Amino acid sequence: MTAPLEQKKALVLGATGGIGSEVVRQLNNAGWHIHALKRGTHQTPENKNITWFQGDALNQADVETAAVGCQIILHGVNPPGYKNWGELVLPMLDNTITVAKKIGACIVLPGTVYNYGQNAFPSVNEASPQNPETKKGLIRVEMERRLQNFAMQGGRVIIVRAGDFFGPSAANSWFSQGLIKPNKPIKNISNPSTIHVGHQWAYLPDVAKTMVKLIEIRDTLDAFATFHMNGFWDEDGKQMAKAICRVVERHMGETPNISTFPWWLMHLIAPFNTTIKELIEMKYLWKQPVRMKNNKLLQLLGEEPSTPIDKAIEDTLIALNCLT
Numbered sequence: 002m003t004a005p006l007e008q009k010k011a012l013v014l015g016a017t018g019g020i021g022s023e024v025v026r027q028l029n030n031a032g033w034h035i036h037a038l039k040r041g042t043h044q045t046p047e048n049k050n051i052t053w054f055q056g057d058a059l060n061q062a063d064v065e066t067a068a069v070g071c072q073i074i075l076h077g078v079n080p081p082g083y084k085n086w087g088e089l090v091l092p093m094l095d096n097t098i099t100v101a102k103k104i105g106a107c108i109v110l111p112g113t114v115y116n117y118g119q120n121a122f123p124s125v126n127e128a129s130p131q132n133p134e135t136k137k138g139l140i141r142v143e144m145e146r147r148l149q150n151f152a153m154q155g156g157r158v159i160i161v162r163a164g165d166f167f168g169p170s171a172a173n174s175w176f177s178q179g180l181i182k183p184n185k186p187i188k189n190i191s192n193p194s195t196i197h198v199g200h201q202w203a204y205l206p207d208v209a210k211t212m213v214k215l216i217e218i219r220d221t222l223d224a225f226a227t228f229h230m231n232g233f234w235d236e237d238g239k240q241m242a243k244a245i246c247r248v249v250e251r252h253m254g255e256t257p258n259i260s261t262f263p264w265w266l267m268h269l270i271a272p273f274n275t276t277i278k279e280l281i282e283m284k285y286l287w288k289q290p291v292r293m294k295n296n297k298l299l300q301l302l303g304e305e306p307s308t309p310i311d312k313a314i315e316d317t318l319i320a321l322n323c324l325t
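As structure tokens, this is what we get:
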């Protein structure tokens, strides 16, 4: 008698967040059962393919309980409200690594461009030197160093690096907090880009689909496998705003105004607001073109999951309640 196949299970840390919730959806579509860890007691949608655990990624025992039987741990979690980010992200990751060692799970991490500095720009690939210029970048480099050590000790790691996230589940993003205002008709688009300077965006459903494709072939990858996505390349800093205009015009019959993002105001607010302070720290990424090359991903998968930009924006704006 043939033994039953092991059920595919993945623990998603940060399952109610932007990337986490989208990976949950995509993994479900691919036949995975999800273990999801949540901090609060807020209601979560009923789904027979999702088992919810109450706990905190800062508590190793909570992570270990939720990870039982899982072959994958997606580390997509951040501290509540991003407070004390610099002090808490590494202990969270250490718990994930410790648990992954115990159960033999592969760790999947959404990567960032913060890892790189001027000596890697403007074209960045997986082998580019990581010499960041910000505190957040230094921490992200340290996260990946610890994951690489885990891989050298017999673990498996997949890192997918992409541009600025946007999508139906990306509530905390440049798109939803900078360019437009959620839950309001779009009258104005505030563009943070420097004109004639390219900027890279990533549609979350495409990022999640890419992760799932790599997860399914994880045993064929290097122990420490990193991949860059091309996403949507705004070649001159105007194309994202123009695409939003097209979608709004089609739905509302009105053309939004495009204005320059008020960086001067952010500098005034930054001393009193941690989130704004972090936005200012990343301002350099809007002042020069930084593009990640996806040659390695294309060579492996043949193509990168890519939703047409107008469709991606339309779905995002509908979810953000901006189109009525």
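Numbering (this note's numbering), first residue to last: 2 to 325. Ideal placement from N, C-alpha and C gives every residue a C-beta, glycine not left out. Fair warning: this is a prediction, and the values are worked out from it, not measured in the lab.
To the nearest angstrom, report how far apart residue i and residue j are at their CA atoms.
i    : j    : result
E304 : G232 : 12 Å
K103 : L222 : 21 Å
N150 : E23  : 28 Å
E134 : P290 : 16 Å
R219 : I159 : 8 Å
V78  : P257 : 35 Å
P5   : T52  : Because the pLDDT at P5 is just 42, under 50, the model does not fix this residue reliably, and the value given afterwards should be weighed accordingly. Their Cα atoms are separated by approximately 21 Å.
T3   : K49  : Only weak support exists for where T3 lies, its pLDDT of 35 falling under 50; the value from the coordinates is given anyway. One C-alpha to the other measures close to 26 Å.
F167 : E65  : 31 Å
G1   : Q119 : Not covered by the structure: residue 1. The range shown for the chain is 2 to 325.
W264 : C107 : 40 Å
A163 : Q201 : 8 Å
F1   : P193 : For the chain, the structure presents residues 2 to 325; residue 1 sits outside this window and is missing.
S124 : V114 : 11 Å
R157 : Q55  : 26 Å
P206 : T317 : 10 Å
V13  : E255 : 41 Å
W287 : Q131 : 19 Å
Y117 : I277 : 21 Å
G105 : R251 : 50 Å
H36  : A67  : 6 Å
L324 : V25  : 26 Å
Q8   : Q72  : 9 Å
D57  : S170 : 21 Å
If the criterion is Cβ atoms closer than 8 Å, does the pair residue i and residue j meet it?
i    : j    : result
L110 : A11  : no
I259 : I196 : no
M144 : H229 : no
Q27  : K210 : yes
L215 : V142 : no
N173 : G19  : yes
L280 : S177 : no
P80  : V69  : no
N274 : N126 : no
M267 : P186 : no
V213 : G238 : no
E315 : V208 : no
Which residues mark the beginning and the end of the beta strand (DSSP E) in which residue i is found?
i    : result
A126 : In the sequence as presented, Ala is not what sits at residue 126; that position holds Asn. From DSSP, N126 is part of no beta strand (DSSP E); its letter is neither H nor E.
F233 : F233 to D235
K39  : H34 to K39
N192 : N189 to N192
V13  : K10 to L14
W287 : Premise fails: W287 is in no beta strand (DSSP E) and is neither H nor E.
H268 : Note, H268: premise wrong, no beta strand (DSSP E); alpha helix (DSSP H) at W264 to I270.
V198 : Per DSSP, V198 belongs to no beta strand (DSSP E) and is neither H nor E.
N258 : N258 to T261
A171 : Looking at the DSSP string, A171 is not in any beta strand (DSSP E), and its letter there is neither H nor E.
Could you give the residue range of the alpha helix (DSSP H) that holds residue i?
i    : result
P111 : Taken as a continuous stretch (DSSP letters only), P111 belongs to no alpha helix (DSSP H), being part of the beta strand (DSSP E) at C107 to G112.
H252 : Q240 to M253
F151 : K136 to M153
L75  : Counting along the chain, L75 falls outside any alpha helix (DSSP H), though it belongs to the beta strand (DSSP E) covering I73 to H76.
Q119 : Counting along the chain, Q119 falls outside any alpha helix (DSSP H), and DSSP gives it neither H nor E.
A67  : Q61 to A67
Q27  : G19 to N30
A320 : I310 to A320
For residue i and residue j, which I take to be in contact (beta-carbon distance under 8 Å), what is that distance rounded to the nearest angstrom?
i    : j    : result
A128 : D165 : Actually they do not touch by this definition, with Cβ atoms about 23 Å apart.
P16  : L38  : Sequence inspection shows Ala at residue 16; the Pro mentioned does not correspond to that position. The pair is a contact, with the Cβ atoms about 7 Å apart (cut-off 8 Å).
A224 : A152 : 4 Å
T227 : G87  : Wrong, their Cβ atoms sit about 23 Å apart, outside the cutoff.
With respect to 7 Å, is the separation between the Cβ of residue i and the closest non-hydrogen atom of the ligand GTP below this value?
i   : result
V90 : Of ligands this structure carries none, so the ligand GTP is not represented either.
Would a check of beta-carbon distances place residue i closer than 8 Å to chain C?
i    : result
T195 : In the structure shown, chain C cannot be found, because there is only a single protein chain.
* Quick check: the segment 138-149 against the segment 181-199, are there 3 or more CB pairs under 8 Å? -> no
* When the Cβ atoms of the segment 302-320 are set against those of the segment 227-246, are three or more pairs found closer than 8 Å? -> With three or more CB-CB distances shorter than 8 Å, the segment 302-320 counts as touching the segment 227-246.
* Are there three or more Cβ pairs, one per stretch, closer than 8 Å when the segment 27-36 is compared with the segment 87-104? -> no
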